[in-house]
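Data block below; observations after.
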Amino acid sequence: MNRRFSEIGVAVIGSGFIGTVHLEALRRLGLQVRGLLEASPELGERRAEELGLPRAYASLDDVLADGEVEVVHVTSPNALHYPQVAAILGAGRHVICEKPLAVTSAESADLVSRAAESGRINVVNFNLRFYPLNQHVRELVADGAIGTPRLITGHYFQDWLLFDTDWNWRLEPEQGGALRAVGDIGSHWLDLTGFLAGDRVAAVMADLETFVKVRKQPAGPVLTFSTERAAETIDREIRTEDVATILLRFESGARGLVAVSQVSPGRKNSLRYEIDGSTAAVAWDSENPDELWIGRRDEPSQVLLRNPALMGPAGAAASSLPGGHVEGFADTFKSLFRAVYTDVAAGRPSERPPYATFADGHEEMLVCDAIAESTRAGSWVPVTRSA
Ligand SMILES: NC(=O)c1ccc[n+]([C@@H]2O[C@H](COP(=O)([O-])OP(=O)(O)OC[C@H]3O[C@@H](n4cnc5c(N)ncnc54)[C@H](O)[C@@H]3O)[C@@H](O)[C@H]2O)c1
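Residue numbering for the sequence shown follows the working numbering, beginning at 12 and increasing consecutively.
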């Protein structure tokens with residue numbers, strides 16, 4: 012018999028914007044959150060108290076010395092994912108790592124091998140898959156309800172890096188990686204649409220631009236999405252992209268087009284996609300996540316309001332509330348973690364996990380490599396996969 016979630020011990024690394032969302036979802040599922048690791052023991056103590064956690068760990072070694080911790084969530088800045096995840100797998104623990112899995116594809120490839128050797132459950136937190144309507148779309152497309160997907164278009168726009176006074180660790184390639192807007196949010200769009208269409212990107216033609224070439228870095232630390240202006244700043248040259256426009260060819264022959272931006276005034280967190288198939292289309296917007304547009308030619312198009320009674324089994328399973336009671340971003344973590352911890356409780360990964368694994372995280376790193384190379388070369392570049 013599978014164990015109860017309340018018997019499973021968990022630790023969380025990082026307690027910033029997304030670490031806190033992880034923690035809240037873990038609590039909703041009744042998992043035993045034993046403590047957190049922060050950038051310093053002092054910050055850890057303060058955050059553990061604020062968040063009502065039993066303890067702060069002094070170091071990653073300290074986390075891994077806690078025999079009750081079976082699963083570690085990694086929500087630290089991108090460049091820390093690789094060393095932290097490698098150590099966690101080395102200590103035989105399951106791991107849920109935030110996206111992007113690593114800052115280079117060499118690192119992500121290594122983590123895929125280490126995860127396979129360890130036999131541990133390995134997850135990349137591409138949570139957008141777990142909006143109930145996205146689970147439903149995945150089933151619709153797989154069942155042929157829109158015919159053959161032909162054209163996949165959309166965008167991921169935010170505005171929180173619009174001004175030259177906006178600053179975050181993501182702007183520094185050493186912490187965030189060489190691709191910024193694409194690695195940070197474009198990777199979500201690419202993972203989601205690939206998941207929905209059951210397809211992979213074969214080649215890209217990308218154009219990246221940095222519009223804000225010099226930014227004012229505050230002399231002190233900054234919280235993600237903070238809008239406070241620092242009094243003392245240092246001018247810093249920016250090398251990572253604010254905007255990307257990318258043409259896509261999928262392995263199936265479908266074509267795609269996505270725009271990614273962190274400087275689109277008024278767009279707070281707008282991911283949109285439309286998948287046009289040979290018989291119908293579907294379109295969705297993350298800022299209105301309980302509505303799915305279903306386009307038809309010879310009969311009226313429809314808007315499906317999320318409702319467990321009107322979706323297939325996957326959509327219904329990802330829903331926690333009846334229709335009309337809006338479910339949003341934080342709820343996707345609960346559905347995703349429920350799927351992951353069902354496997355943890357069973358003691359092994361499922362044969363075809365519904366969540367993104369390290370292999371999926373590595374796949375996005377390879378697409379990002381092709382995007383970077385395409386913008387350098389000014390031409391189409393295939394996604395190179397070894398084997
Ligand atoms: N899935 C999503 O939708 C989503 C959304 C936001 C962020 N993310 C990802 O989550 C990660 C964190 O992003 P964020 O927005 O929460 O950033 P953040 O800056 O708000 O939080 C990062 C946290 O990590 C802590 N930290 C820094 N160094 C550390 C260390 N050595 N050990 C332990 N903790 C350390 C910081 O103190 C902070 O609490 C990134 O990889 C990002 O891409 C994913």
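Beta carbons are placed, not taken as given, at the ideal position from N, Cα and C, and that holds for glycine. Predicted model, so just to flag it, every value in this text is computed and none were measured.
With P160 as the anchor, note down where its beta strand (DSSP E) starts and where it stops. It spans 160 to 168 - the beta strand (DSSP E) in which P160 sits, taken as one unbroken run.
Neighbourhood of A341 by C-beta, 6 Å cutoff - its chain only, sequence neighbours within 5 removed: Excluding sequence neighbours, A341 sits near V32.
With a threshold of 8 Å, establish whether the CB of A242 neighbours any heavy atom of ligand 1. Within the chosen limit of 8 Å, ligand 1 does not reach the beta carbon of A242 with any heavy atom.
Distance between S70 and S26 (C-alpha atoms, nearest Å): Taking the straight line joining both Cα atoms gives about 14 Å.
Length at least 3, wholly inside the segment 203 to 289: the beta strand (DSSP E) runs in chain order: The DSSP assignment places 212 to 220, 225 to 229, 244 to 248, 254 to 261, 266 to 272, 281 to 288 as complete runs of the beta strand (DSSP E) inside the segment 203 to 289, in order along the chain (cut-off: 3 residues).
Option nearest R260 by Cα separation, candidates L62, D195, R191, I163: Per the Cα distances, I163.
Simplified DSSP assignment, three categories, for P319: In this structure, P319 counts as helix in the three-state DSSP scheme.
How many angstroms separate the CA atom of F174 from the CA atom of T290? So the two alpha carbons sit approximately 43 Å from each other.
Is H92 near ligand 1, with its Cβ less than 8 Å from a heavy atom? If you check the C-beta of H92 against ligand 1, you find a heavy atom less than 8 Å away.
Can we count A76 as close to ligand 1, meaning its CB is less than 8 Å from some heavy atom? With a threshold of 8 Å, the Cβ atom of A76 does not count as near ligand 1, since no heavy atom of the ligand is closer than that.
I'd like to check one pair, V21 with H92: are the Cβ atoms closer than 9 Å? No; because the gap between Cβ atoms is not below 9 Å, this pair is not in contact.
According to DSSP, simplified to helix, strand and coil, what is Y415? The question about residue 415 has no answer, for the chain in this structure spans 12 to 398.
Can E158 and R359 be called in contact, C-beta distance under 9 Å? The displayed chain sequence assigns Gly, not Glu, to residue 158. The Cβ-Cβ distance between G158 and R359 does not fall below 9 Å.
Any idea if L37 is buried or exposed, counting beta-carbon neighbours within 10 angstroms, 16 or more meaning buried? It is buried - the Cβ of L37 has at least 16 other Cβ atoms within 10 Å.
DSSP on R308, reduced to helix/strand/coil? Coil at R308, not helix or strand.
Which of the three DSSP states is assigned to H336 in this structure? The answer is coil: DSSP assigns H336 none of H, G, I, E or B.
Who are the near neighbours of P52 in its chain, counting only those whose CB is closer than 7 Å to its CB and skipping five residues on each side? Once the five neighbours on either side are set aside, the close Cβ partners of P52 are A67, A69.
P364: beta carbon under 8 Å from a heavy atom of ligand 1? No, ligand 1 has no heavy atom inside 8 Å of this Cβ.
CA-CA distance, D77 and I99? Going by C-alpha positions, D77 is about 12 Å away from I99.
Heavy atom of ligand 1 less than 8 Å from the Cβ of W180, yes or no? Correct: W180 has its Cβ closer than 8 Å to ligand 1.
For L303, name the three-state secondary structure that DSSP assigns. In this structure, L303 counts as strand in the three-state DSSP scheme.
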